[in-house]
Amino acid sequence: MSAKNLRELIQNPEILVCPGVHDGISGRIALSKGFKCLYMSGAGTVASRLGMPDIGIAGLTDMHGNASLIANLNPQVPVIADADTGYGNAVMCARTLTMYSRAGVAGLHVEDQVHAKRCGHLGGKELVSEEEFVKRIRAMAIAREQINSDIVIIARSDALQSFGVDDAIQRCKSAVSAGADVAFVEGITSKEEAIKVVESLHPIPVLINLVTNGVTPNWTTAEAQEMGFKLSLHPCASIIPASLAIGKAMDELLRDGTDASSCEGVNPRDSFMHMGLSEAIKLDRMVGSTTFDNV
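When you line the sequence shown up against the working numbering, it's residues 190 to 484, in that order.
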């Protein structure tokens with residue numbers, strides 16, 4: 190159902206804004222704000238689950254586990270999840286799609302970096318051939334058909350940095366011919382590049398990755414829509430603000446011996462309400478129980 194919803198949202202006239210979330214807390218908060226689609230950031234997942242940088246450390250188990258958690262917070266709201274390079278050969282790419290789909294993920298993106306990959310906004314990226322990239326996409330498309338899934342396949346090319354925008358566009362076209370639904374050119378650096386990508390790939394839906402303070406300008410979603418993008422990812426929307434807020438709270442505790450100011454008057458019950466406590470109480474009462482009446 191969520192994959193079908195995602196396909197419908199992509200066809201809407203308005204750009205689909207997908208805030209990056211990295212765990213249950215950030216996912217719950219984003220849902221409470223009314224976003225129509227969430228994005229499981231790979232960098233956020235590596236940071237939150239492993240405490241490590243986004244340099245190819247996380248594997249399928251790490252990413253699938255986090256994607257499953259976030260996708261099932263509200264199965265009606267689609268989640269797009271980072272699937273890195275597909276985590277291996279064609280068989281592994283097929284397995285990745287199958288596992289993501291069965292976890293409730295609505296869409297995934299797979300890229301053309303080598304398996305020892307890194308964040309798309311860092312330098313020194315190495316790429317596989319266009320032929321190898323297409324095999325990854327084709328394997329996922331075959332797996333999707335075999336399990337009768339609607340999951341959206343997003344083809345991400347990191348070729349712009351090393352080979353130029355024309356090569357990245359061509360790789361995306363080949364990937365769509367192999368079964369991808371959406372094109373994603375990583376690391377766009379100017380409005381001119383952005384417009385060229387969108388116009389060259391039309392009518393294929395094109396995604397823009399708005400990594401805050403990365404190599405892509407900090408465009409607003411209105412600006413991205415004006416350039417013709419159909420989806421915008423915002424991978425830093427939760428992980429960086431969260432890390433900054435935690436750092437400030439730790440500083441306060443060391444300096445003042447208390448974290449009261451950082452908590453801004455919020456008590457445990459208030460916090461739990463953001464995590465679904467009211468829904469749990471309602472369900473408990475619906476079955477005739479009084480377990481949480483005094484909470």
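All C-beta atoms in this analysis are idealised placements derived from N, C-alpha and C, irrespective of residue type, glycine included.
None of these values were measured; they are calculated from a predicted model.
Could you check which residue in T410, A328, T378, P202 has the C-alpha nearest to that of T287?
Within the sequence shown, numbered from 1, the residue matching residue 287 stands at position 98. It is A328 whose Cα lies nearest to the Cα of T287.
Does DSSP put Q211 in a helix, in a strand, or in coil?
For the purposes of this step, residue 211 is identified with residue 22 of the sequence shown, where counting begins at 1. At residue 211 the sequence reads His, which differs from the Gln that was named. Residue state, collapsed to three classes: coil.
I'd like the list of long-range same chain contacts for V365, defined as Cβ closer than 7 Å, with 5 residues on each side in sequence excluded.
Taking the first residue of the sequence shown as position 1, residue 365 is located at position 176. Result list for V365: A344, A372, I393, in chain order.
With DSSP run on the structure shown, which of helix, strand or coil describes I475?
For the purposes of this step, residue 475 is taken as residue 286 along the sequence shown, with counting starting at 1. As written in the sequence, residue 475 is Met, which differs from the Ile given in the question. Correct three-state label for M475: helix.
Output needed for F418: all residues of its chain with C-beta closer than 8 Å, excluding positions within five of it in sequence on either side, in chain order.
For the purposes of this step, residue 418 is taken as residue 229 along the sequence shown, with counting starting at 1. If we look at F418 and ignore the five residues flanking it on each side, its Cβ neighbours are I204, A383, V387, V395, L396, I397.
At least three beta-carbon pairs within less than 8 Å, the segment 409-425 to the segment 433-450:
no
From T378, E321, K362, pick the residue whose C-alpha is nearest to that of D301; which is it?
As a first step, residue 301 is located in the sequence shown; it is residue number 112 there, counting from the start. Of the listed residues, the one whose Cα sits closest to D301 is E321.
Boundaries of the beta strand (DSSP E) in which I397 is found, first to last residue
The count along the sequence shown starts at 1 and reaches residue 397 at position 208. Start and end: 395-398.
Just reading off the beta strand (DSSP E) that A357 is part of, what are its end residues?
By 1-based counting over the sequence shown, the position of residue 357 is 168. Looking at the DSSP string, A357 is not in any beta strand (DSSP E); the run it does join, the alpha helix (DSSP H), is 354-366.
Only counting runs of 3 or more residues, tell me where the beta strand (DSSP E) segments fall wholly within the segment 223-251, in order along the chain.
227-229
Per DSSP, H423 is paired with what?
Reading the sequence shown from its first residue, position 234 is the one you call residue 423. DSSP output for H423 lists P208 as bridge partner(s).
Is the distance from the Cβ of L297 to the Cβ of V341 below 9 Å?
Along the sequence shown, one-based indexing puts residue 297 at 108. Along the sequence shown, one-based indexing puts residue 341 at 152. In this structure, V341 lies closer than 9 Å to L297 by Cβ.
Just how far apart, CA to CA, sit N402 and V484?
For the purposes of this step, residue 402 is taken as the residue at position 213 of the sequence shown. For the purposes of this step, residue 484 is taken as the residue at position 295 of the sequence shown. Whole-angstrom Cα-Cα distance: 43 Å.
Taking the straight line between their C-alpha atoms, what separation do you get for R333 and A292?
For the purposes of this step, residue 333 is taken as the residue at position 144 of the sequence shown. For the purposes of this step, residue 292 is taken as the residue at position 103 of the sequence shown. Looking at the two C-alpha atoms, the distance is approximately 13 Å.
Can you tell which of I246, A295, L198 has the C-alpha that lies nearest to the C-alpha of V303?
As a first step, residue 303 must be located in the sequence shown, where it is residue number 114. The shortest C-alpha separation from V303 is found at I246.
For R458, is the classification buried or exposed, using 16 other Cβ atoms within 10 angstroms of its Cβ as the cut-off for buried?
Translated into positions along the sequence shown, residue 458 becomes position 269. Burial call: exposed.
Return the chain-ordered list of same chain residues with a C-beta closer than 7 Å to the C-beta of R360, the five sequence neighbours on each side being excluded.
On the sequence shown, position 171 is the one that residue 360 refers to. Around R360: D301, E319, F322, S346, A348.
When burial is assigned at 16 or more other CB atoms within 10 Å of the CB, is P208 buried or exposed?
Here the question's residue 208 lines up with position 19 in the sequence shown. Buried.
What are the residues that DSSP puts in a beta bridge with S346?
What you label residue 346 is simply residue 157 of the sequence shown in a count that begins at 1. Beta-bridge pairing links S346 to V374.
CB of I218 within 9 Å of CB of H463, strictly:
Within the sequence shown, numbered from 1, the residue matching residue 218 stands at position 29. Within the sequence shown, numbered from 1, the residue matching residue 463 stands at position 274. In contact: I218 and H463 (Cβ atoms closer than 9 Å).
If you draw a straight line from the alpha carbon of H211 to that of T479, how long is it in whole angstroms?
The residue given as residue 211 occupies position 22 in the sequence shown. The residue given as residue 479 occupies position 290 in the sequence shown. Roughly 33 Å separates the two Cα atoms.
Can you tell me which of the three DSSP states D271 falls into?
If you number the sequence shown from 1, residue 271 lands on position 82. Note: D271 maps to strand in three-state DSSP.
Going by DSSP, what residue range makes up the alpha helix (DSSP H) through V387?
Stepping through the sequence shown from its first residue, residue 387 is reached at position 198. Looking at the DSSP string, the run of the alpha helix (DSSP H) that includes V387 is 380-390.
Here's the rule I'm using: 16 or more other beta-carbon atoms within 10 Å means buried, otherwise exposed. How should E375 be labelled?
Looking up residue 375 in the sequence shown gives position 186. The residue is buried, with at least 16 neighbouring Cβ atoms inside 10 Å.
Look up G296 in the DSSP assignment and give the residues it is bridged to.
To locate residue 296, count along the sequence shown from 1; it is residue 107. For G296, which the question treats as bridged, DSSP gives the partners I269, V341.
Which value, in whole angstroms, describes the spacing of the CA atoms of A295 and I199?
Taking the first residue of the sequence shown as position 1, residue 295 is located at position 106. Taking the first residue of the sequence shown as position 1, residue 199 is located at position 10. Between A295 and I199, the C-alpha separation is close to 12 Å.
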